[in-house]
Every structure is written in structure tokens, then in C-alpha cells.
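Chains as they are written, first to last, in my numbering: chain A, 743 to 906; chain B, 977 to 1331.
Okay, structure first, notes after.
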């Protein structure tokens, strides 16, 4: 199909319905931009990432779609839509979906390089995030007694982490 | 830190000195880090972001760096001041536009900037004038070492430093070198260079990063991959190709001079002439013309102007800087008139005016 305004190949195909009459429009990218029918193409990383995520987790989707991170509460589908994870623990919870994606982006899925001298186990990181989220919930519902307890517990857990 | 004073200087990245500074404008490294016990920023409540800011700000204040870093609370700044920081590359557009508690700790000479509550809890950035990857790495590594002793970072043995976006996970490091490549653009060889870079996993971006256009013939070259290669390997990969691009650009400049000296001289003189006498000037045209003037100085085709003046003008003619310098807020048309006026004054002061 050729562009209706010039002779270049048409890459933008639109259907316009007006007064119950359907009209198809075929334009090349340049004419479509000039008509302000499409936005000028920019490097849109979230969109590209979104496509990548879609392409590379196909077989797992059913199982993954049901996953929710117990620590921060983000659902796998929310990550897919926004391209951003919710907390460190998601790298564990969504591992099956993330590894193919990381492989595609970085051509590997194992870290090489700097390591912090002090590390906290992933389980501990998840526990701390979860406590934080519960604290947040307690404050929101004005359950101040529970909030105080949770805050003490968090301090205690973080303190043992300092010494360990 | 007084932001009004900042606008009178070029800042670190346009200082115009450092190794290979005729072509390499600046070197920048950033590290993405998150705290282990908090959700990432996009999932954190305003209250939690406040806690993150408090903890990080306190730990940053204890850093052993000289001179001390100044902390800027971003919600307290007006939009124009935030934009000034973006134009100086001290904060990202994302941090300027974000919501809730957030801020930046800055070194007075603008070489270090630590952003809190950007996409990740902490984004460390070190900037150097000229081509100085090793020096920049040593400094950012030292700051990171000090912080990791006080803050538990989100980290996994398998995936490295954990980040909100999987494109940054692993080292969390993005190293970038900003180049001025007018001759490669003129000879249209630039596309070839970019394709070659993409094949070895290096990204090419415009002046203000992701999605921005390459104005003023400025290009940023940075590592695409952050996982599976050590910081040193990633730095070496960039370090390996930059000298080659510098050589290509120098060769292109020389053959331009050799093949069409008069045409080049004319282009540069016209650029200078337009900057000295136009009465309306968009930011885009200014960048383009200043770029030719910069090239003219580097090739000794212009002798009555210094690189420092031109570098200052690159930044001072940006929309927010211009409004700060004029002391009033200006709309598009008014800005174009003020920009042209400012350029005329500055260039004539510096002896560029020829009778």
C-alpha cells in the first residue's frame, strides 16, 4: 500500500468512522507526522521495555500473571505494564519472568563486579520491606499501638543487621 | 548553595579543560543504589520516601569528602530553579519532575551530585571536564564505599545491585562520555560510527540524555549493559573506543579544512556573525551556531574568542539559565529576543565584534 499523500510505502494505517461511514487512511511515517496524526518517533524506553517483556515471558505468563510479591504487594502484571519493580524481593518472586528478560537486555543474568562489603540476605531484605509495608498500613488505618510495635520490631531487626 | 551564583559560570562539565577537551566535553559516571529495607520509590508512600530521605541525607552528611556537600531540598525549589539544575546536569529530568520528598547533595564545584528518591533511592553521579573515566570512577567508587558501610544496599549475589528498572541492575553503573562531533556530522560519517558502537553494546544519546536530540553536535556515548560485566570491563570498553572516535573527528576536521577551507571558514564566520547581530534566537539555533564557533576556535579560525566564553554561552542561553540571568520569567518569544540580546552583549564584550 502506498501513502495517499506521496508515493512512499504506507506504514501508518488509520480507520476513521464518521457519521457511520468507515474510511481507511494509509500514510507514510513522514506524512503522518506532518498531519500530526502520529507523534514524532522518539526513543521511548518504557515502551521498548514493555515490548521486550511481552515477547520474552510468553510461556510463563499464565503462572506469572497470578504472582504477587508478599513483601511490597506489587503484582507481576503491574510490573509488566509499568516496567518498574516494586522492591528488592521482586527479583526473587518474579525470577522466572525476569531471567529471560535480563538475558535479552544484558545477554546474561549473572552479576559480575563490585559487591558491598556488608550484605543482607534476600530473605531478610524481604522481611524488612514487608514490615515496612505493614507499618505503613497501620499508620494509614490509625492503628497506632500496632504501628509502635512494628516500629520497634523494625529497629530491632535493623540493629541485628548492623552487627551482623 | 546559592543557585543564583551558579548561573554565572559554566559548571564542571563545560569548564573546557581536561584531557582531549577539544572534542571530549565531559565524562560522567552514575551508580544506582537502593536501600535493602524499603520498597523502590515508585512503590513507596510519601511517608516512606520521607524516611528514605532522612536516612540517606544523614549518612551523606557524614561522608568524608572535601569540601562538604550542600543539600538541596527539591520540593522547596520553584520550577525554574529545578530546571537550572537540570540544565547544568546536576539532577535528572526525572528527579526534577518527580513528586514527594526528594533532594540532591552537591559539591560546590559541581563534580559530585547525589540524588535522593529518583527512580532509585540513591543515584550517585560524578562529573569531570574532558576525558577522565578513571579519575571519575575512583571518586565515585570511594563515595560508594563509604556509603555502603553505613547503608545496607539492596543486593543479590546473582543479580548484583538491585534497581527499580531491570535495565540498570547488576553494577547499576552508567558511564558516559560527551563528545563534540561537528565534522563527523558534516561528512555524514556519524551514522556509521553509531552503528559500529551499537554493535558493541554502547548507546548514543543527545545532550540531555534519553530521548533528547543531539543539539549542538553533542553526543553522549555510554554503556548499554549493566549486568554480567564488571565495572572495570565496562569502563575499558568505553575507554577503548573513544580515542578512535576522537581520531576520526580530528581527521574529518582536517580533511574539511583541506578540501574546503573557504567553505568552512565562511560557515564559521556566518555563525559568529549571526550570533553577534541577530535579534531573535531560539535555543536550538544558538546551540548549532555556537557549535560552529567552538569548532572555529579549536581550528584557530577564530582568534578573538575563548573556549570558556563559548562554553559558558552554551549553558547560559538555555531557557532556565537565561531567565535566571534576566531575573524575570519570559515566554518563548520574549526568551528568543532576550537570548539574542544576551548573546550580542557577551560576544561584543569579548571582542568578537569586528568593524
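Beta carbons: idealized from backbone N, C-alpha and C, even for Gly.
- Leaving aside the five residues that flank residue 1018 of chain B on each side, the residues in its chain whose CB is nearer than 7 Å to its CB run, in chain order, 1140.
- Looking at the backbone, the Cα of residue 1210 of chain B and that of residue 1277 of chain B are separated by about 38 Å.
- Residue 895 of chain A sits away from residue 874 of chain A, with the two beta carbons spaced by 8 Å or more.
- For residue 766 of chain A, the enclosing beta strand (DSSP E) stretches over residues 763 to 769.
- Residues of chain B whose Cβ lies closer than 8 Å to the Cβ of residue 753 of chain A do not exist, since the nearest Cβ in that chain is about 21 Å away.
- Annotation for residue 1236 of chain B: the continuous alpha helix (DSSP H) segment containing it runs 1207 to 1253.
- Proximity of residue 861 of chain A to chain B, defined by a Cβ-Cβ separation below 8 Å, is satisfied.
- In the structure shown, residue 1136 of chain B falls within a strand segment according to DSSP collapsed to helix, strand and coil.
- Interface residue (Cβ-Cβ distance to chain B less than 8 Å): residue 900 of chain A is classified as such.
- Within its own chain, the residues whose Cβ lies closer than 6 Å to the Cβ of residue 1293 of chain B, once the five positions on either side in sequence are excluded, are 1262 and 1315, listed in chain order.
- Taking a C-beta distance under 8 Å as the contact criterion, residue 1212 of chain B and residue 1178 of chain B do not qualify as a contact pair.
- Of the residues assessed, residue 1238 of chain B falls on the exposed side of the cut-off, its CB having fewer than 16 other CB atoms within 10 angstroms.
- In chain order, 824, 826 and 828 make up the part of chain A whose C-beta sits under 8 Å from the C-beta of residue 1018 of chain B.
- Bounds of the alpha helix (DSSP H) holding residue 1036 of chain B are 1022 to 1037.
- The region 1021 to 1032 of chain B makes no contact with the region 1040 to 1047 of chain B; the number of CB pairs closer than 8 Å stays below 3.
- Residue pairing by DSSP places residue 1131 of chain B opposite B:1137 in a beta bridge.
- Under the three-state reduction of DSSP output, residue 850 of chain A falls in the coil class, being neither helix nor strand.
- Using a C-beta cut-off of 8 Å, the region 1149 to 1160 of chain B makes contact with the region 1000 to 1008 of chain B, since at least three inter-stretch Cβ pairs fall below that distance.
- In the DSSP assignment, residue 1321 of chain B falls outside any beta strand (DSSP E) and within the unbroken alpha helix (DSSP H) covering 1308 to 1325.
- Secondary structure of residue 1098 of chain B (DSSP, three-state): strand.
- When DSSP states are grouped into helix, strand and coil, residue 1197 of chain B belongs to the strand group.
- Among the residues of the region 830 to 858 of chain A, those with a Cβ less than 8 Å away from any Cβ of chain B are 830, 833, 834, 840, 843, 844, 847, 848, 849, 850, 851, 852, 853, 854, 855, 856, 857 and 858, in the order of the chain.
- Here the C-alpha atom of residue 1320 of chain B lies approximately 8 Å from the C-alpha atom of residue 1254 of chain B.
- Residues of chain B whose Cβ lies closer than 7 Å to the Cβ of residue 870 of chain A are, in chain order, 1012 and 1013.
- Taking residue 1172 of chain B as reference, the option from B:1221, B:1134 and B:1109 with the minimal CA-CA separation is B:1221.
- Restricting attention to B:1258, B:990, B:1223 and B:1280, the CA atom closest to the CA of residue 1248 of chain B is found in B:1280.
- Annotation: the continuous beta strand (DSSP E) that includes residue 1091 of chain B extends over 1088 to 1092.
- Residues of chain B whose Cβ lies closer than 9 Å to the Cβ of residue 867 of chain A are, in chain order, 1012, 1013, 1128, 1130, 1131, 1132 and 1138.
- When only Cα atoms are considered, residue 847 of chain A and residue 1175 of chain B end up about 14 Å apart.
- DSSP lists A:751 as the bridge partner or partners of residue 744 of chain A.
- Close to residue 1039 of chain B, with beta-carbon spacing below 9 Å, lies no residue of chain A; the smallest spacing is near 16 Å.
- Taking residue 1313 of chain B as the centre and dropping the five residues before and after it, the same chain places the C-beta of 1255 and 1256 closer than 7 Å to its C-beta, in chain order.
- Around residue 1169 of chain B, no beta-carbon contact reaches into chain A at under 9 Å, the shortest distance being about 18 Å.
- At a cut-off of 8 Å between beta-carbon atoms, residue 875 of chain A makes contact with chain B.
- Here residue 992 of chain B is buried, its C-beta having at least 16 other C-beta atoms within 10 Å.
- The shortest CA-to-CA distance from residue 1223 of chain B to any of B:1000, B:1011 and B:978 is the one to B:1000.
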